[in-house]
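Note that the numbering used here has the sequence shown beginning at 2, numbered continuously upward.
Cβ coordinates follow ideal geometry from the N, Cα and C atoms, glycine included.
Presented below is the structure to which this report refers.
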Amino acid sequence: LVLEAHEILLQTSELPELEGVQTEYQSLEGIDISVTNILTPTAAEKIGKAPGRYITIEAAGL
2 LVLEAHEILL QTSELPELEG VQTEYQSLEG IDISVTNILT PTAAEKIGKA PGRYITIEAA
62 GL
């Protein structure tokens, strides 16, 4: 998942943010939603995903 790849990259590089990537988090009725936008080709190469919008949905009950 792009969210996991982004988090691992931040941990291994010790950077507070990765330029060219925006992530927003939202929680609704026990469902966690994250929207990650990869905005630049450089960020896409570092994460290993194409530029674009990626949505991750996590629900404990599923």
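Rounded to whole angstroms, Q23 and I39 show a C-alpha spacing of 7 Å. Taking each of I56, R54 and E20 in turn and checking the Cα distance to A44, the smallest one comes out for E20. Counting along the chain, E25 sits inside the beta strand (DSSP E) bounded by residues V22 to L29. In summary, T37 is buried, with 16 or more beta-carbon neighbours lying within 10 Å of its beta-carbon over all protein chains present.
A residue is called buried once 16 or more other Cβ atoms fall within 10 Å of its Cβ, and S14, having fewer, is exposed. Residue state for A51 is assigned as coil, using DSSP reduced to three classes.
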